[in-house]
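Numbering (the working numbering), first residue to last: 57 to 128.
Taking it in order: structure first as structure tokens, then the write-up.
Below is the structure:
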């Protein structure tokens, strides 16, 4: 969970990497609360990073506002 203020946004966010998740539905479970992300391409924000282990690759994180699938 990422505080949106660190991203210039409001609320709590989750970051999903592009590798392995770009073309798949993602289910996030945070402390028993679930959120479904049907389309990685619809993230509110994208940031690209270089691999910290110097393998010559880069990856992109998509940031999604955490919203529970269940209604209270």
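C-beta atoms are modelled at their ideal positions from N, C-alpha and C, and glycine is treated no differently.
Note that the coordinates shown come from a computational prediction; the quantities given were computed from them, not determined experimentally.
Query	Result
Name the one or two DSSP bridge partners that residue 97 has.	The partner list for residue 97 (beta bridge, DSSP) is empty, contrary to what the question assumes.
Count the other CB atoms, across all protein chains shown, that sit within 10 Å of the CB of residue 77; report buried if there are 16 or more and exposed otherwise.	exposed
Going by CA-CA distance only, name the one from 107, 123, 86, 125 that's closest to residue 75.	107
With burial defined as no fewer than 16 other Cβ atoms inside 10 Å of the residue's Cβ, what is the status of residue 120: buried or exposed?	buried
Taking the alpha-carbon of residue 86 as reference, which of 110, 117, 71 has the nearest alpha-carbon?	71
Quick check: the Cα distance between residue 128 and residue 94, rounded to an integer number of angstroms?	Any reading at residue 128 must be qualified, since the residue scores a pLDDT of 47, below 50, and its modelled position is unreliable; the value itself is stated next. Cα-Cα distance, rounded: 21 Å.
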